[in-house]
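Step one of this worksheet: look at the structure below.
Protein chains: 4
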Amino acid sequence: MGKFEELKKAAYDANMQLPELGLVLFTFGNVSVADRDLQVFAIKPSGVPYKDLTPEQMVIVDFDANTIEGSLRPSSDTKTHAVLYKEWNSIGSIVHTHSTYATAWAQSLQDIPVYGTTHADHATVPVPCAPPMDDEMIKGDYEHETGYQIINCFKERNLSPGELEMILVGNHAPFTWGATAHKAVYNAAVLEEVAKMAFLTQTIYPAAAPLKDSLIRKHYERKHGPHSYYGQ
Amino acid sequence: MGKFEELKKAAYDANMQLPELGLVLFTFGNVSVADRDLQVFAIKPSGVPYKDLTPEQMVIVDFDANTIEGSLRPSSDTKTHAVLYKEWNSIGSIVHTHSTYATAWAQSLQDIPVYGTTHADHATVPVPCAPPMDDEMIKGDYEHETGYQIINCFKERNLSPGELEMILVGNHAPFTWGATAHKAVYNAAVLEEVAKMAFLTQTIYPAAAPLKDSLIRKHYERKHGPHSYYGQ
Amino acid sequence: MGKFEELKKAAYDANMQLPELGLVLFTFGNVSVADRDLQVFAIKPSGVPYKDLTPEQMVIVDFDANTIEGSLRPSSDTKTHAVLYKEWNSIGSIVHTHSTYATAWAQSLQDIPVYGTTHADHATVPVPCAPPMDDEMIKGDYEHETGYQIINCFKERNLSPGELEMILVGNHAPFTWGATAHKAVYNAAVLEEVAKMAFLTQTIYPAAAPLKDSLIRKHYERKHGPHSYYGQ
Amino acid sequence: MGKFEELKKAAYDANMQLPELGLVLFTFGNVSVADRDLQVFAIKPSGVPYKDLTPEQMVIVDFDANTIEGSLRPSSDTKTHAVLYKEWNSIGSIVHTHSTYATAWAQSLQDIPVYGTTHADHATVPVPCAPPMDDEMIKGDYEHETGYQIINCFKERNLSPGELEMILVGNHAPFTWGATAHKAVYNAAVLEEVAKMAFLTQTIYPAAAPLKDSLIRKHYERKHGPHSYYGQ
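Residue numbers (the working numbering), protein chains in the order written: chain A, 6 to 237; chain B, 6 to 237; chain C, 6 to 237; chain D, 6 to 237.
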């Protein structure tokens, strides 16, 4: 058994959850899982439909986006994943999808407001929409720059990737992450649901206001604070 | 066979209906079922995914929210359930979900108007949206206070829990109840459907008017009145 | 084998198509099938969930709404069906649902405009929304009057039930019909799809205009005219 | 084995993907697959429900819409397919559906703007909505003229069918195509998803702007350009 076998299996399992959760059409998504000791991550190969995917096909890549093991080309979003792993030490898995509602928010270039406790149970702030890249970045190493587009947005807004585990890349689509593959995929599904609820809330009542701070704090802390007790 | 076994089984069965009816994502919901003679209720344990749930895991709790039996922590919404059972003698089961359309209405802080007979077959009044708690209540015993948020809203509007079996908790999500677990779960699904129809009605025609009183009365009475005969 | 056995089986089969086509929640719908020679129709019993339904439970009713055979109470909408069979000789089956999008249009009291050929393939006119009953009719024999609400709307608009096989009952929900049970159920599913498309069309472009007459005629005639050749 | 057997099987398989992908209700769609050497295409027979379809039923038609082999009538849209094969040498398969969101855009007579990279990964331009036919064309050979309605729209906009593989026929519904049946069906599903995302984007933020040119180019070229490397 190769030293990456377990990692590949973890990445495979996480990738297969995307179609189960209704988060991908065809190949519009990918999950990677990192091994911090080995300084690599396993990621979906490029263009392979989910129904044909096998654990062996996962590609092992280092944090500079060099392929370490695997006969297939890694996902075209691999450089974005690599940048995020390299810059953010705390994350162990990354998910990228074009899930319908979250992508529509990304296309609208709007942050998703904290309209309710479903959102606040997972994040105390709006889900940020990183502005589209400037033309220089686009002409450069595009997927690499997408990683910095995400990181820069977090810096400008003074957010940490441990506190908030999701972002919308403007005009593109969402990325989510977490300490584990399970958490990263969970976040992708939660983001899609929160995006749908926010769309409906605004359509029902265009003047809808965000949750007040005291309520945001309460919900987030009961799940994440030092005295957390949440779980439905 | 323990004296709570039947009650646990009833709570388990009712909880498992939520994913079947498409009313929950992950663990975003819970059902409890009360035994009025024993003065306890069985409720979903906290944070356990529906696919892993077993009847034995249900937690037995009294109406002051003390755990009577069970090795797992009860749902974080347990205190809300306890308050409702204690204050409202007529109810035998409570359902809490974050179902998408009902939650969007709760996030918009709007009551759901009686736009049609689907609504009137189940309630003669708009589904009320209880206003968000004041900050003192939030800082206090939050889930306990959520129970009173619901009870106070009913008092202020002069509603009885036997007449209307559903509410939206502002910025949060719906609660429904009933004499039996079957009825409480049924109400949760009906509320979600009524919420979706009301969203669509308003979007199709923003000036849509509520049903006239004579029609509301007729539909409600044919199902619930002394001469009820309804059933499609 | 009883003389109504075949008729009951036809009504049962047609009723079971409603949940398969996603047109009903719980018991919110019913199908009847008529035998013109015997001057009766078979209809769903009242309040029986679709999963528990059997062919034997179908109730045989005459065109004055008297139960001829069956131990269960017929659907609470039975009198509406009876009136339509009695007044309209050409129809052999009736479907009533609370399907989500068609019901939202009924709740908005708006006709569904002919926005495209999907509609025109089935009807040359908007799907009419019959205005809510006046209070006298509501206080009277309500389900019986619902039949006349439908018939009066067709008369006022100069429509024939052979030409157009669907209607929205204002503030309530749709009824469809056809020469056969297959056609009546087909119409219920088509109406729901047309209602969804019209909702989306208006939301995408509020100034959307109906199809021009020449195109309505063409599409309807290629499917229904003397030289019909349609079928995708 | 007849010389068209393989072609019929390919057309059958492609047709069966439409219900699997949720793109058709009843018989509202059809796929054809061409054999350029034999100068024919296989197409779905008219009016046969997908569940009853068999490979043998596929009808073989030449590029002038004459039936070459088959006992059933070919789809009523056959002449549209024939015109497109005859005029556009590069295409090997055509798909027509009334998929919900794409059809709603067609009914609104609006092009689908390039709101995000999901669109740009497949097309650098808005999905055009061909204007409704003039009355002379409608009275003439309608389905034949629908082919020219599509071709004329591409000419007027200076588009080539190799560059853009999808169109909305105004007031009607979408057509997509591709070198292979797989690609044509893939395009039909992508168009439906892009149409849904665009609807949501506009509803979330009515002032939403199209993607800037540099980003459109980048995404399209990484998938289709001479240095393409895309695949998630």
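C-beta: ideal position from N, C-alpha, C; glycine also.
Compare the C-beta of residue i with all C-beta atoms of chain A and state if any pair is closer than 8 Å.
i	result
aspartate 140 of chain B	yes
leucine 205 of chain D	yes
tryptophan 110 of chain B	yes
histidine 103 of chain B	yes
glutamate 150 of chain D	no
What do you reckon, are the CB atoms on residue i and residue j nearer than 8 Å?
i	j	result
proline 50 of chain C	leucine 77 of chain C	yes
leucine 23 of chain B	aspartate 40 of chain B	no
histidine 149 of chain A	valine 88 of chain A	yes
threonine 123 of chain D	threonine 59 of chain A	no
asparagine 192 of chain C	threonine 181 of chain C	yes
glutamine 207 of chain A	alanine 213 of chain A	yes
serine 98 of chain D	threonine 185 of chain D	yes
phenylalanine 46 of chain B	valine 66 of chain B	yes
alanine 70 of chain D	glycine 175 of chain D	no
isoleucine 209 of chain A	phenylalanine 204 of chain B	yes
leucine 196 of chain D	proline 133 of chain D	no
serine 81 of chain D	arginine 227 of chain C	yes
isoleucine 155 of chain B	leucine 220 of chain A	no
valine 199 of chain C	isoleucine 117 of chain C	yes
threonine 83 of chain C	phenylalanine 33 of chain C	no
leucine 169 of chain A	valine 119 of chain A	no
glycine 121 of chain C	methionine 21 of chain C	no
alanine 135 of chain A	cysteine 158 of chain A	yes
According to DSSP, which residues form a beta bridge with residue i?
i	result
histidine 101 of chain D	D:Asn35, D:Phe180
proline 54 of chain C	Per DSSP, none; premise fails for proline 54 of chain C.
leucine 173 of chain D	D:Cys134, D:Pro179
proline 79 of chain A	A:Pro50
glutamate 74 of chain B	B:Ile65
aspartate 40 of chain D	D:Val45
isoleucine 117 of chain D	D:Val132
Give the residues of chain B in contact with residue i, contact being defined as C-beta atoms less than 9 Å apart.
i	result
tyrosine 191 of chain A	Phe31
Could you confirm whether any beta carbon from chain D is found closer than 8 Å to the beta carbon of residue i?
i	result
tyrosine 147 of chain A	yes
alanine 194 of chain C	yes
tyrosine 120 of chain C	yes
lysine 217 of chain C	yes
arginine 227 of chain C	yes
glutamate 11 of chain C	no
Let me see if you follow: with CB-CB separation under 8 Å, is residue i close to chain C or not?
i	result
threonine 123 of chain B	yes
tyrosine 106 of chain D	yes
isoleucine 73 of chain B	no
isoleucine 117 of chain B	no
glutamate 198 of chain B	yes
Going along chain C in order, which residues have a C-beta closer than 7 Å to the C-beta of residue i?
i	result
threonine 59 of chain D	Here the premise fails: no neighbours, minimum Cβ distance about 16 Å.
isoleucine 96 of chain B	None at all; the shortest Cβ gap to chain C is about 20 Å.
So residue i contacts chain B; which residues on that side make the cut at Cβ distance below 8 Å?
i	result
alanine 213 of chain A	Gln112, Ser113, Leu114
lysine 188 of chain A	Under the 8 Å cutoff, chain B gives no residues; its nearest Cβ is about 12 Å from lysine 188 of chain A.
Going along chain D, which residues have a C-beta under 8 Å from residue i?
i	result
tyrosine 210 of chain C	Ser113, Leu114, Gln115
Could you list which residues in chain B have their beta carbon closer than 7 Å to that of residue i, in chain order?
i	result
proline 137 of chain C	Lys217, Leu220
Chain A partners of residue i, CB-CB under 7 Å?
i	result
methionine 202 of chain D	Thr105, Thr108, Ala109, Gln112
Which bits of chain D does residue i rub up against, with CB to CB less than 7 Å?
i	result
isoleucine 143 of chain A	Ser219, Leu220, Lys223
- What residues in the stretch 168-183 of chain B have a beta carbon less than 8 Å from any beta carbon of chain A? Cβ contacts with chain A come from Asn176, His177, Ala178.
- Query: Of all the residues that make up the stretch 77-94 of chain D, which are near chain C by a beta-carbon distance shorter than 8 Å?
  - Reply: Under the 8 Å Cβ criterion, the stretch 77-94 of chain D contributes Arg78, Ser80, Ser81, Asp82.
- Message: Along the stretch 13-29 of chain D, where does the CB come closer than 8 Å to a CB of chain A? Name the residues.
- Response: For chain A, none of the residues of the stretch 13-29 of chain D brings a beta carbon within less than 8 Å of one of its beta carbons.
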